[in-house]
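K.L.:
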Amino acid sequence: MPRFISPNDRLIFIDATRGGAMGLVLLSHFGIIYFAVPGTAGSGLRDAVAWVTMVASPTFTIISGLLLGFLCTTKQERLEQLREKLWDRGLFLLTVGRALILGAHLLFRGTFRWIFITDACGVSMLTGAYLAGRLTARKKLALCAAAYMVSWAAIAWWHPHATWARYVSEGLFGSLGPKVYEHSFPLVPWFSIYLASSVIGERLGRMYLDGRLHDVPRVLRLGGLTAVTAACAMSGTAKLVRHVFDIVPQDDAVLSVLFGVHQKLPPSPAYVLFFGGIGILMLSGFCSAEQRHPNGGALKLASLIGRNSLFVFILQFYVYYVALDRMTLPRSVPWPIYLIASWAFIIAATFAFDRRGFNRFISVGFPRLQHRVAGLAAACLPFLTISH
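So the sequence shown is numbered by our numbering: it starts at -2 and just counts up by one.
1. Which one or two residues does DSSP pair with Ser181 in a beta bridge?
2. With DSSP run on the structure shown, which of helix, strand or coil describes Met146?
3. Quick test of your reading: Gly28 and Ala47, contact by CB under 8 Å. State the CB separation rounded to the nearest angstrom.
4. Over the uninterrupted alpha helix (DSSP H) stretch that includes His395, give me the two end residues.
5. Less than 7 Å between the C-beta atoms of Ser166 and Pro157, yes or no?
6. In this structure, how does DSSP classify Asn356 when only helix, strand and coil are distinguished?
7. Which of the three DSSP states is assigned to Arg209 in this structure?
8. Over what stretch of residues does the alpha helix (DSSP H) that includes Pro55 continue unbroken?
9. Could you name the residues of the same chain whose beta carbon sits closer than 8 Å to that of Ile386, not counting the 5 residues immediately before and after it, in chain order?
10. Using a Cβ-Cβ cutoff of less than 7 Å, which residues in the same chain neighbour Glu179 once the five nearest sequence positions on both sides are dropped?
11. From this set, Gly16, Ala143, Ser253 and Leu222, which residue's C-alpha is nearest Leu237's C-alpha?
12. For the putative contact between Ile30 and Ile60, defined by C-beta atoms under 8 Å, what is the C-beta separation to the nearest angstrom?
13. What does the Cβ neighbour count give for Gly202, buried or exposed, with the cut at 16 atoms within 10 Å?
14. Between the C-alpha atoms of Ala18 and Val52, what's the straight-line distance to the nearest angstrom?
15. Can you have a look at Tyr268 and say buried or exposed, based on whether 16 or more other CB atoms are within 10 angstroms of its CB?
16. In whole angstroms, give me the CA-to-CA distance for Gln288 and Gly274.
17. Is there contact here, the segment 66 to 77 with the segment 90 to 97, by at least three beta-carbon pairs under 8 Å?
18. Compute the Euclidean distance between the alpha carbons of Ala142 and Arg353, then round it to the nearest angstrom.
19. Would you mind reading off the limits of the alpha helix (DSSP H) that contains Met279?
20. DSSP on Gly20, reduced to helix/strand/coil?
21. So what's Gln313 in DSSP terms, helix, strand or just coil?
22. Taking the Cβ atom as the reference point for each residue, do Ser195 and Gly276 lie within a distance shorter than 7 Å?
23. Could you please give the first and the last residue of the uninterrupted alpha helix (DSSP H) stretch that includes Glu74?
24. Can you tell which of Ala235, Lys137, Tyr145 and Cys229 has the C-alpha that lies nearest to the C-alpha of Gly198?
25. Take every Cβ of the segment 124 to 137, pair it with every Cβ of the segment 77 to 92, and state whether three or more of those distances are shorter than 8 Å.
26. Can you say whether Ala299 is buried or exposed, counting buried as having 16 or more other CB atoms within 10 angstroms of its CB?
27. Excluding the 5 residues flanking Met204 on each side, which residues of the same chain have their C-beta closer than 8 Å to its C-beta?
28. Just to confirm before moving on: does the CB-CB distance between Val316 and Thr347 stay below 7 Å?
29. Is it true that the CB of Gly16 sits closer than 7 Å to the CB of Gly303?
30. Can the beta-carbon of Thr71 be found closer than 7 Å to that of Leu280?
31. Output the distance between the C-alpha atoms of Gln78 and Trp154, rounded to the nearest integer angstrom.
32. Tell me the residue span of the alpha helix (DSSP H) that contains Ala159.
33. Whole-angstrom Cβ separation of Leu83 and Met146, contact assumed at under 8 Å?
34. Could you check the C-alpha separation between Ala144 and Arg131 for me, to the nearest Å?
35. So, helix, strand or coil for Val361, using DSSP?
36. Nearest by alpha-carbon distance to Arg7: which of Ala349, Lys297 and Ile344 is it?
The structure is reproduced here in structure tokens:
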């Protein structure tokens, strides 16, 4: 019987999928910096790299939500402990993690106007942990559908003029017009993807408890293919409507945004289904690989990167956005050599990080912090009480 859960209580195939998605992140950010220099490669190659690596963001979000639903189903007796762990990780992403990532971006662009995918994940973890065990699957799907529709309604009809309101609007829902952020992952639509993915995780959790592990790859594969097919159908329908009804430019722009698989920020329905579906197919592939070859070298390497994904995510910004951006590389050397060299450095650093167990430092000590805050409040209460 396949292991699926390692002795340290980690889901191996999920770690491996996260590691595969992180490989796409490395390729994406290498391409952003390297191909920006004139004379390095044609725009076609740069655009192809950007398009292929769009799989990474929805895959990370889906995996995070799926893991929430899976663990809430299989570890119900430890729900409060799981909730505290998610709050701890979410707070770390929004504080220490954000500060480290922002440091690289300040060196890269010199501005604080960023909302990272880790910010969206952090907010989703905090909210998802609170909702864990409190909502049924149907209520979760209704909530995420409402949140997603509200975000697109705000994009369409809320166009504030005040600068502070534009920051709020774009940060929460996204914008299709002039941006106030250098780059931003709007919180509400990405949270809706996270919450919907937790329902998938609950389904997989029930399959695990029922001893139907062998069916997991098939179910994931069916779900991924259905999502990709739906996205292609949406895109094809939009093109047909343009042709048949001779759509005017402004309406064509609406069709391109909502039904275009390239619309990432904010994420269109077609984008979520197409690239999210590919991410689910990746998950299915790693799940099958674990069933057949649980000790395979590729699976081990991918899971190493996956279980240390936050460390890799932070490190690669300094490798690409800081170091590579400042290097003058000989153009006589083929660019894949530079990419492989950067990967080798990051993998070596990750191996050392993992071997020393430094993942234990990715924490704000939430349970202890919670007790200290409660103790401080109890100590201050007598001084705040006004007696009459």
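Where is the CB? At the ideal position from N, CA and C, for every residue including glycine.
P.N.:
So, from the listed chains and residues:
1. Ile112
2. helix
3. 6 Å
4. Only positions -2 to 385 of the chain appear in the structure, and residue 395 is not among them; the question remains open.
5. yes
6. helix
7. coil
8. Ala53 to Thr71
9. Here the chain covers residues -2 to 385 and nothing more, so residue 386 does not appear.
10. Arg106, Thr108, Arg110 and Trp111
11. Ser253
12. Between Ile60 and Ile30 the Cβ distance is about 26 Å, and since that is not below 8 Å, they are no contact.
13. buried
14. 7 Å
15. buried
16. 21 Å
17. no
18. 42 Å
19. Pro266 to Arg289
20. helix
21. helix
22. no
23. Neither: Glu74 is in no alpha helix (DSSP H) and is coded neither H nor E.
24. Lys137
25. yes
26. buried
27. Leu210, Asp212, Val213 and Val216
28. no
29. yes
30. no
31. 42 Å
32. First-last for Ala159: undefined, no H or E at that position.
33. Wrong, their Cβ atoms sit about 26 Å apart, outside the cutoff.
34. 18 Å
35. coil
36. Lys297
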